[in-house]
Every structure is written in structure tokens, then in C-alpha cells.
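Read through the structure below, which is laid out as C-alpha cells, and then see the notes.
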Amino acid sequence: MDLDHTAEEDAFRAEAREWLAAHVPDAPLPSLETAEGFAAHREWEAELYAGRWSAVSWPERFGGRGADIFRWLAFEEEYWAAGAPGRVSQNGISLLAPTLFDHGSEEQRARILPEMARGAVVWAQAWSEPEAGSDLASLRSRAVRTDGGWLLTGQKTWSSRAAFADRAFGIFRTDPVAPRPHQGLTYLMFDLRAPGVTVRPIGRLDGRPAFAELFLDEVFVPDEDVIGEPGQGWRIAMSTTGDERGLTLRSPGRFLAAADRLVRLWRERGEDRGARDRVADAVIGARAYQLFTYAGASRFAAGGEMGAESSLNKLFWSEYDIELHETALELLGAEAELTDLAGGWGEGYIFALAGPIYAGTNEIQRDIVAERLLGLPKGRR
Amino acid sequence: MDLDHTAEEDAFRAEAREWLAAHVPDAPLPSLETAEGFAAHREWEAELYAGRWSAVSWPERFGGRGADIFRWLAFEEEYWAAGAPGRVSQNGISLLAPTLFDHGSEEQRARILPEMARGAVVWAQAWSEPEAGSDLASLRSRAVRTDGGWLLTGQKTWSSRAAFADRAFGIFRTDPVAPRPHQGLTYLMFDLRAPGVTVRPIGRLDGRPAFAELFLDEVFVPDEDVIGEPGQGWRIAMSTTGDERGLTLRSPGRFLAAADRLVRLWRERGEDRGARDRVADAVIGARAYQLFTYAGASRFAAGGEMGAESSLNKLFWSEYDIELHETALELLGAEAELTDLAGGWGEGYIFALAGPIYAGTNEIQRDIVAERLLGLPKGRR
Amino acid sequence: MRFLPTAEQRDFTRSLDALLTASDTPSVVRSWSAGDPGPGRALWARLAEAGVFALAAPEAQDGMGRLPVELALAYRELGRHAVPGPLVETAAVTALLSHLADAGDPAPAKRLLPGVLTGESVVTLGVPGGGGYVLDAEGADVVLVVKAGATGPELRLAPGHGPVHPSLDPARRLARPDPGGELLAAGPLLAEAVGCAVRWARLAAAAQAVGVAEELLRRTVAYVKQRTQFGVPIGSFQAVKHRLADTLLAVEFARPLVYGAALTLAPADLAAAKAAAGEAAYASSRAALQLHGAIGYTEELDLSLWLRKARPLRDAWGTPAECRAEILAAHP
Amino acid sequence: MRFLPTAEQRDFTRSLDALLTASDTPSVVRSWSAGDPGPGRALWARLAEAGVFALAAPEAQDGMGRLPVELALAYRELGRHAVPGPLVETAAVTALLSHLADAGDPAPAKRLLPGVLTGESVVTLGVPGGGGYVLDAEGADVVLVVKAGATGPELRLAPGHGPVHPSLDPARRLARPDPGGELLAAGPLLAEAVGCAVRWARLAAAAQAVGVAEELLRRTVAYVKQRTQFGVPIGSFQAVKHRLADTLLAVEFARPLVYGAALTLAPADLAAAKAAAGEAAYASSRAALQLHGAIGYTEELDLSLWLRKARPLRDAWGTPAECRAEILAAHP
């Protein structure tokens, strides 16, 4: 058992640190959930891409550095420690790209990935539907076969980033008479500005359009934008939500940096001992999440797979993120409600509140942990 | 709306305070869960009875003072504030006596209550059976009709106080072919030293015999020791467990005094601010419980009944009691494990741990609150 | 002792509830948040007519005689209906001016209270702490500020205010008052009056928080009964049931603290009520958001109007941590 | 990086598990608690033979070369099997004496370590704090005490001890050592060695706590699968499932902290591991007790042997609060 780095890893980390020190904007960018902020974040993605830091784990031919998981983790630690902006390309890079690597064609990868990595095409996800929240198998939006492609009709919702994004990906019912509800689904990509698409932005708690409803009326999708075989959408999507909940959705670097900021805030506010234990728990939790992730990465590197442990990961970071932000609000006292206060704690708090809800509610995740990891009986909830 | 006391109430409270100041032993009695401590607590009950403070809410003819619920609450506040001993007669006074008042005969009351109140006969409860914990309707111990009475056979468990008590009360199956499991049950009292009774003390976590298993082999119970009509045991017992979970099982005075002791401990230990919020929450919680109880008593005095709110009461005090003791252990640090430490926090902690388990587990109580008070659907758990 | 609302108190509560139910408060809140105080001012006038703003003033000031229990009942209704505006501040100003008048300085009350009691004048108040922001300085007619002066506290009429800062609750419009302005009162008498104002503010905020907690719980219970997933109402899942049971527990034990504090007006009781009610409101908001899922996270669902109130209300006029510290300092 | 046990480390763990499974540790604990250390001493000898007590000593002292990861793995097994005795103290003494020897004062190690490594001599240790009690002073052959002297810390061989005080865990027999006794070491070197001892003690205690947490969880999962109420296993109730899921979460995130601390031996990592593992063990004990119900509250069920260990282990050698304070003090 070891936590050693190779000389190459250290050099990679040092190179990232140096580049970030020279390029990270001095002032925070405007909120990602505004038109102005979205554009600024696209520019940042382009700058990252120019330095080949936008998707370090991808092969070099798509603009990456072929970094293994340990280098990716090291990069993320450096990235967040440097105070770099949130990633507007996150949906594409962490959800769609792994699907393209596993199930897409080389033509799709070459066409889609570089544009994604330089922020030229920003991707939104289109999973949920109004009646299918936790219960994804009950999806109803459909894709009907047409000449050279498919016609999408139906409604998607909670589509993150869709208010300002360019394209979207999701699964659609292509065989309405399939014997079981999660059969007959197909994984497709489509243009958010194509004829037949209506995007209705939805304001989150602070009113910012962090997601949207998508109304689809015979939207044409060419065959080249189907991922994998028609009818295999559920299986492909499940491998993506596995990723979504797994190693890649929230990197430990993000929370290590957040815990450092919290300790600084605590010190600025006079080291109130009433909040001391919770500030310390943020430090402990970030370290625990880092080490838990190293262990998972080690298993992964040794040929293992992420299974139901990804539910543990999701439970941990989503609860952790809320506690961290609640502790910050506690330290800020009556001023905590001011969302324009330095440090961005207010907006971070609102963002964190969504954590236990999306990517599978934490109630569902606890069921999965109990049934698949502890072997408790299924069925009654 | 008011919190006023009458002059008579103030006088009653002052009389109680004066008597307690003169009579409460200077040093704590030995633990109730030892033979020596049990005897000492019986003596204390006799002294209380001599002063007519053993069961203040009973009519004067049984040794009480006919106190209404507000005087009873006032007495309890004074009792615990004076640092008086735990009540070895609690099971009898708070569980059996209300049943006798509601369902017993005057002969039974005259024969049983005064002996109970002076600690001459200490009562144990005999509700649970090995396979019937939360699920009381599945009781199997039976009473078979015989000349002039009944013969009890079966097994009871978690019988509090039974290691040292004199008599016990519980429900037994008298009609094995009743159509539904909670029909055909009868409420009976029996002698723990009668032929056919074997008492096997069970050690709780600290090894002290806080309860016992009872093995019953054709134990004779005369008809005069049946409460109410045979076959009505379930209905009668439910009104008792209503009381058990309701206003009377834990009086607010007990927690007000405990919170005061906790604040003293916190000050002795240098007012550690890390535990400050939890110490304050103990003070807030005791006051909340007192006022909640006053409101319940006001409704009761105005002719209302305790319903499912008694589940709120039980949830509150049982969780409160554990948090209070955990906070004390936190203040004591590494010394907290010493159960002979001054203040009795260690033994109090062990006692508190049982709170969320007995008298209906807190899981069951939350189901009751959700279904009966919030109207959520039954059935799935 | 009869620690229950009287028949008159219940009638008063019911009439307020009816008034507010008929007032479409959700659209009032949305206008207020958007910077249009018109519908809010109209509602304010109706509330004044119902006597809501006269409950902290003695009869000598044309008030209803200082009725803290009625104030608590009324503010609980205001919370249940998410009424926007400087409600807590109005109770505080009324208590402050009345206290000054009772203690021998009637001029400020004579000048300002009549408009407050009739609802013609909307007032707000800032006291030291909390970063110096004042609620709804923009929408109020009178902005009062207490600040430490050279020889003790000073009460001034703020001459203006800075820009409105966004709050977690968009219906709370916070701004820093401009310095200076006419001096209305000062000295040890004012210090006492400010203490009195803080006590009434805590009572008002705690009562409002209980109302917010109750409404969040009510809406969530209704939602989980009708929302189905996996073929059954999600309210039949034990995890959902238990979380709502715990929420009810917090609310049911906070409410008596608020009424008890109204009856005693003891600082420790008020601090306990404020802390417990604030925590109950916040816990209720967390449960409401989680059990509604994504739909609860949107501003378009009316639930958001209560969700966003909970946390700022918990922390205004004494955070739970501040209240807890005061309780221990005051404990015998 | 390969942050996973090696094949050798897994083999070592498995062999210890087999040794302990064959040793009927529950009856060993019960004897130890009753004041009969015989079976415990016999087990102690077998553990020494397996090398468990040589893991904190360098090869120069006939140890296995200071293997903190192996020590963590071993102590996790000791926790899983509820092994009684001054286990943490033995690791601490070994680290302390080895540190002294490495730093130029080999005499105490030469005299005391051989017996410790072979298991012939059971040692215990008290350091300042915690009320001055020492674990198992009665059952140990050598009682070492560090106390503040006139010119710095002093290490002495206690000449005896006071009465045994009852602990929440009856297998922990605490007594105050008698003052005085032979002086073994003193001065700044000792202060450093004590720091080293505390680090190893925290590692050992944290690892043991993880093992205790795991075993409590394992036994509870097994119980809720077979215990039926209302006609179904109680493990099918969502409230039970979620509580156990949360328990697993705490354990799974504490374990990597312990292994990470073993690899870095950094004080902040050790404090984090101790705090998190202690809290996980305690949370696991609360869940285990609640989900077993009344039967879990009895001493006769073997579960009690682990239930009672959790809280004292959480607080020994640095309570979570102390560890948290140190983490923040050390944070860059």
C-alpha cells in the first residue's frame, strides 16, 4: 500500500500548477448561470484547450494528454487550488465523452470531442422527464424512424445548462412495444437550435436559469448522431450514470480547495469555537474523500470496476457539500444571506442544495447501498 | 393564553419544596438496579408516602392529595430540582395505577394502591415476549380458566424491575381461537413469588439486572386479580400504553433539573465553546418540553384526550435524553467512561440509551406520527 | 393555567388567515421581490386595518395595549402566508418608540407611530451588527438607524441608502443606510428602548418562522401524497415519512416556546424561541426541498417563496448561535 | 500509487483473522472483564508470536522494522474481534522506547522491549491528561507513567496502582498509578518520544475503532435480515436500510483515513483518522443498539462486547474534539 507519486507525475503536476498560476483570471468570472457568465466561461474553456488542459485524460489526438486517473486527480487538485473557474463543459466532458469513448464511433469522437473540449459546443443533458424523476425507466419521449435518421417528439426537463448550451444528449423510446420499460430505448444527440426544439429556461431558487425544459416536436436527428445500437440506450445510459455518480462527477480537488477556503474564513471571523468542530470536519471530510477516491482509482487502475460504491461516493460529496456551505453561512452569521458577498458562499450554497436531489436522489442511493452493498432485502420502501 | 399559577398552586409548590429540602437524602442512593439500592429506594418511597408525596395525583383515600395535572407537574419540577432519588414505584404508579383507575374495581384500588404507593409492593411490567417486540399483537403467553381463577403459562421478557420486584401485570391470551390476534387477551396481575414463576434477571449493558425474563408454568391467578373483563386486555393495555407514552412517563421537571446540572458541568469544565451550542440546546429543549407539556395538560384539563401526540412526546424525550447525556460525556472527555464519576452521568447515559427502544421503538413512533398526525399512507414501511 | 389560545385569539387568527388567503400573497411576494412594492403596500394597509401593527404599542399611543401573544399569533399567520416587507422591523420600531414614550421621551413616537399603526407609513430599522444592512430601506417611508455615537447609542432618520443587495430570499431587499441624518433620540434611555425593540423583534421573527415551518411542512405533506414514483405515492416510503415526522416534531416543540416567550417576554425565553423556531423553519425547508426533488428547486413553484425565507429569518435579529450564547450567559 | 493492501498485507490480515476466529475472543473478553486475565494473556502470547507487537519497533530493536500500515491492518483485526487489554498502550510503549533508543538512550528499550515483543511482558502506559487513569494497570506486568516533572516530562515505572474503576466498557480496567517509582527517562528527548508514542497510539486506536465499527455493522446487518416483525424481516424497512447505509458510509470513509495516516504518520492525518474512526465506531454502535432493540441492550448478547468498546475507544488518546482542534491548529 502506498501513496507515492512518480517523478513523471510530479513533473505533470508542476507543469499544471505553473500554467494555472499564469492563466487563471484574477477576478472570479460572472456566474455560469447568466448569458454573460456563460460566454466568459466558454472563453476560459478555449484558453484551457489551447494549453491542452481542458480534458487531460483524453488521448492527445482529441486535445488531451492521455493522463491516467492519478494524473487527472492531480490536475484537479491543482486546478481548484488555483481558484480556477467552474467548468461549463462539465456535462459534456464527464457524461457524454465517456459514453463516446465506450460506445461511440471513431468518426463521432473526432467530430465531437475537440469542439467540446474547446468550449465551442457546450452540451446539455436531457435525461429526466416530468413524470420520470428517480424512476428513469418510465421515460416517454420517443424517436420515430425516418429517412436517414429519427424524429424526436416529447418533453425533457431538468436539462442542466440547456438555457445557454448548443447541443444535448439523452435517451428516447424507439420501440414503444418493447416487452419491458427499459428496453427499446436509444441514445441520441441533438441540436438545441434545430427546428422543432423549444427551450424553456427554468429558474432555480435564486432565479438563475440553471436548467431548462425542452419541448421536442419532430426534431430530426441524423443516424450519425445515434450512439451505439438503437434499442441499447438504457444499457449505455446506465454506464454513463455509473460514471455520473462515480469517480468523475466531483473531484476531491474541488473539496480540498473549498475546505481550505473555509478554514481561511473561520480564521478571518475570529476562530469562533462554536463552529470549530464543523470547520475541522470539512478538512477531515475533504481528506477522506481524497483518500477514498485514491483507493477507488487504485482498484480501477488494477482492473476493477466502479459498482454500487459510486452510490457511497455520491452520498458523501452531496451531503458534504451542503454541510461545508452551511458551516460557511454559520460563520457569516446574519450577513450570510447576501449572495454577492465575497467568497461566493451564497451561490455555492444554492448550488450545493441540489446535490442530494440530482443524479439519483440520496434516498435512492441509500436504497442502493443497503440492497447492493449490504445485501438487505429489496422491495419494500 | 396564560401560564399563571393560582395562590393555591404556589402554596402547594412551596409545601413540596420545603418537605423535600428537609427529607431528600444528602448523598445519592445506591443504584436502583442493585439489591441494596432497591431496598434503599423502597425506604425512600415509604418516607415519601408518609409525607403524602408518593402519588400526589391520587385521591386522598389512597394516600394521595387529589392534585390536578398542573400540581402534579409542579410537584415533579420541585422533586427533581431537589435532587431526589429515582422512583422505584414508577412502573406501578404510571402504568398500572391509571389502568386500575380506569378499568379496575374499587376493591382492587383499595387493596393495591396504598401498598404500591408506600413501596411495600413494587410492580414490574410484563408486556413483551421474545417474538413480540414492537408487534405486541402477536403475544402467545396464555391464561387457562381454572376453578376461581386462571393458570398462566408462557414466557415474558424485558420485564423492567422484575429482578427485585414483588408483583407484575400484563396481558395474556385467554381465547386462543379468537378471530383476530388482538382479541381474546386478558389483563392480569400476578405474584412474582407464586409457585410456577421463575424470574431470570437480565443484565443490561453495564451488567446490572434492570429487567428479567419471566417463565410461567401454570401460575394461579385468582379472579380478583383480573382487571376489567376477560377478553378486553388489548383495549385496556392500549389505554395504558397511551399513558406510558403520554404525559406521565417522563415529567419535564426531570429534564429541567438535568439541563441545570449540565450547565453546571459545562461551567466547571471551563465553558468549552465547542460544546456550547449543545449545552444551550439542552436548556432550550427542557423548556420546550415543559411548555409542550403545559399545552397538553391544558388541553387535557379542558376535556381533550392524548392521542398520537403522545408519540411526539416519546420521540422528543427519548432523543433529548440521549443528546443531553452525550453532551455531558463530551464535556467529560476521556474521563467520561468512568461510570463511578461524580454526577452519575455514566449510569444516566446507559439508562438513556434504552429510551428510543422501549415503550414502542422510535421507528414505530415515527410511523405513527406520519400516519396519524400527517395523514401519510399506511402500509409500506 | 390555560396555555392554549382563547376563543378570541383563535377568532383573530382565523380572520387574519382569511384576509391573507384572499390576498394572493404569492403574487404579492413576487412583485415585492421584483422591486414593485405596490401590491405589498396595499396588503400592508389591510393588515394595519386588522390591527396587526398596533399589537406592540400601548393604548396611550393609540395601540391595542401591548399584546405579545396576539402579536405572536398574527406573525405566525404572516409567516404561513409568506407576507413580505419589514414586518419584524415594524414590531421593533413600535416597541422602541413606545418604550421611549413611556419612559418620558414621547416626541419620536408622536411623530412616527401614528403612520405606522395605520399602515400609511412603512418603517424599517437597523441596529448595530449584521454588517450594517437594513431590510427594505428602499420600499420603506422611514428608515431608522441605531448606531453607536460618541456618548452612547443614537437613533437617526437615515437620509438615504445605498444599492439593494441580493439576498438568499429575493423578497428581502437589503441596503446600507447613508450615514448621518436627523437625530431622534440618544443615551441610556435609548439603549433600554433598543433592548426592548430587540425582544419584540425576536418574538415577531420567531413567530413568523414557526408559520414558515408549518406552511413548508403542509405543502410538502400534500405533495408527497400525490407525487408517485415506482407506482406508489412517495409519501408511503418510510424514509419520507420519518423525515416529515421529524420535521413535525421540531415545529411542535418550537411553537410552545414562542407562545411561552410571548407570555414572559424574558430574554432567555425569547432567545430560546428564536433559536428553536429558526432551526425548525430551516429544517422544514431542507426537508421540503429534498422531498419535492427538482421541482422544489425552481423559483416558479410557489414553494420557493417559503423555502427562501427560512434561512435568512433564522439568522436575522439573532442567529441561533448568538441566541444560544445569551441563554447560557443568562442561565441561573 | 497503489493505495490498496498488497497481497502480503492481505495474507497477514487473513492469518490474524483466522487466529482470532479460532480463539473464541468473546469468552476471552468476558474473563478479562471479570478480572481473570488468564485467557487474555494466552491470546496475547499468540498475537506476539504472530508479530503483532513488533510492528512499531525497528529491526535494531528486534522489531519488524516499523510497519505502520501492517500495524493498522492488525489493529483493525483486533478491533473486529474485540480483543481486550492494553493494545494501544503497547503500540505506544513500543514507539516510545524505540524512539528513545534511536535517539541515543537505548537503556529502557533494552530492558523492557524484549518482553513486550515476545508477549511475555504486558505493558501499559499513562500520559498526562484523561484524569490520570491508566488502562489495565492491574493486569499489566509493567506500568509506565509519563508525568510533568520539575524540568520537563519524566518516565517512571509505577510502583503500584489504586483501585480499579468501572468503565462503560467493563473490559477496560482503569486505575490511577501510585506516584513515584523508578525514573527511566526524562527531558526533551522524552518529550519527543512521547509525541511519537501518541502518534502510534492514535493510529492503533483509530484502526481498532474501524474494526469495531465494521463488526458492529456486520452483526447488525445479519440480525436485521433474520429478525422479523409484522411478518417481514426488519431489514426490509427503509428506515432500517437507510440507517445502515449511513453507517456503512461513515465506515467506508473512515478506513482510507486510517490507512492514509499510517502511510504519512503526519499528525494532522493521524488526528483526522482518530476523529473519523472514533465517530464511525460510535455511530455504528448507536445504530447497532437501536436496530437490535432490547436484545442489544443486554450484556449477555455478544454484541455488547463491541457496543461497549466504541465510546471509550472514541475518546481515548485524543477525543474527536481534541483531534479537531489540533487539525485546525496545524492546517496551513
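Chains as they are written, first to last, in the working numbering: chain A, 29 to 409; chain B, 29 to 409; chain C, 721 to 1052; chain D, 721 to 1052. All residues carry an ideal CB built from backbone N, CA and C; glycine is no exception.
Endpoints, the beta strand (DSSP E) within which residue i is located
i	result
E241 (chain A)	F239 to P250
S346 (chain B)	Run containing S346 (chain B): none in the beta strand (DSSP E); it sits in the alpha helix (DSSP H), E337 to L360.
P142 (chain B)	Premise fails: P142 (chain B) lies in the alpha helix (DSSP H), E134 to A145, not in any beta strand (DSSP E).
G869 (chain D)	V862 to G869
V227 (chain B)	V225 to I230
Per DSSP, cross-strand counterpart(s) of residue i
i	result
Y215 (chain B)	B:I199 and B:I255
A906 (chain D)	D:E874
T948 (chain C)	C:P953
E157 (chain B)	B:A160
W178 (chain B)	B:R173 and B:V249
V884 (chain D)	Paired residue(s): none; V884 (chain D) is not in a bridge.
K406 (chain B)	Note: K406 (chain B) sits in no beta bridge, so no partner.
Q260 (chain B)	B:L213
Nearest to residue i (by Cα), restricted to the options the options
i	options	result
D38 (chain B)	B:P113, B:A55 and B:E106	B:E106
I140 (chain A)	A:L167, A:D32, A:F90 and A:E159	A:F90
A370 (chain A)	C:L845, C:G1013 and C:P886	C:P886
Y348 (chain A)	A:W186, A:E333, A:R45 and A:A382	A:A382
R195 (chain B)	B:L220, B:P204, B:Y215 and B:G298	B:L220
L48 (chain A)	A:W108, A:E358 and A:Y215	A:W108
G1063 (chain C)	C:V854, C:H819, C:A812 and C:Q781	Residue 1063 (chain C) lies beyond the range of chain C shown here (721 to 1052); nothing can be said about it.
A336 (chain B)	B:Q136, B:L401 and B:A222	B:L401
F732 (chain C)	C:V865, C:A780 and C:Y795	C:Y795
L1048 (chain D)	A:P405, A:D305 and A:G235	A:D305
E358 (chain B)	B:E36, B:Y317, B:R297 and B:D234	B:R297
Neighbour list for residue i in chain A, Cβ cutoff strictly below 7 Å
i	result
H1051 (chain D)	V291 and V311
Within chain C, the residues that residue i reaches when beta carbons sit closer than 7 Å
i	result
L233 (chain A)	Y1017, E1019, S1024, L1027 and R1028
Chain-ordered chain C contacts of residue i [CB-CB under 9 Å]
i	result
W151 (chain A)	What W151 (chain A) touches in chain C: nothing, since even the nearest Cβ is about 19 Å away.
A35 (chain A)	Going along chain C, no residue has its Cβ under 9 Å from A35 (chain A), so there is no contact; the nearest lies around 46 Å.
D368 (chain A)	H885 and P886
Run of the alpha helix (DSSP H) containing residue i, from where it starts to where it stops
i	result
R292 (chain B)	P280 to E296
R761 (chain D)	G758 to E769
A727 (chain C)	A727 to T741
G324 (chain A)	R304 to A329
R394 (chain B)	N390 to I396
G846 (chain C)	Counting along the chain, G846 (chain C) falls outside any alpha helix (DSSP H), though it belongs to the beta strand (DSSP E) covering V843 to G846.
G998 (chain D)	P987 to H1012
Residue i: contacting residues in chain A (beta-carbon distance under 8 Å)
i	result
R1031 (chain C)	L357, A364 and E365
Integer Cβ distance of residue i from residue j, believed to fall under 8 Å
i	j	result
Q412 (chain A)	L180 (chain A)	With chain A represented from 29 up to 409, any question about residue 412 (chain A) goes unanswered, as that position is not in the structure.
L290 (chain B)	L352 (chain B)	6 Å
L791 (chain C)	A770 (chain C)	That belief does not hold up - the Cβ atoms of L791 (chain C) and A770 (chain C) are roughly 13 Å apart, past 8 Å.
F283 (chain A)	W345 (chain A)	7 Å
L875 (chain C)	V866 (chain C)	5 Å
Chain-ordered neighbours of residue i on chain C, where CB pairs are closer than 8 Å
i	result
T389 (chain A)	Q1010 and G1013
A95 (chain B)	Near A95 (chain B) there are no residues of chain C at all, since even the closest Cβ is about 14 Å away, more than 8 Å.
Interface partners of residue i on chain D, CB under 7 Å
i	result
P384 (chain B)	Q1010
Proximal chain D residues relative to residue i, where beta-carbon distance stays under 8 Å
i	result
S186 (chain B)	In the sequence on display, residue 186 (chain B) carries Trp and not Ser. Correct list: A1014.
Proximal chain D residues relative to residue i, where beta-carbon distance stays under 9 Å
i	result
A965 (chain C)	Going along chain D, no residue has its Cβ under 9 Å from A965 (chain C), so there is no contact; the nearest lies around 10 Å.
Listed by chain order, chain B residues near residue i by CB distance under 9 Å
i	result
G849 (chain D)	G361 and A362
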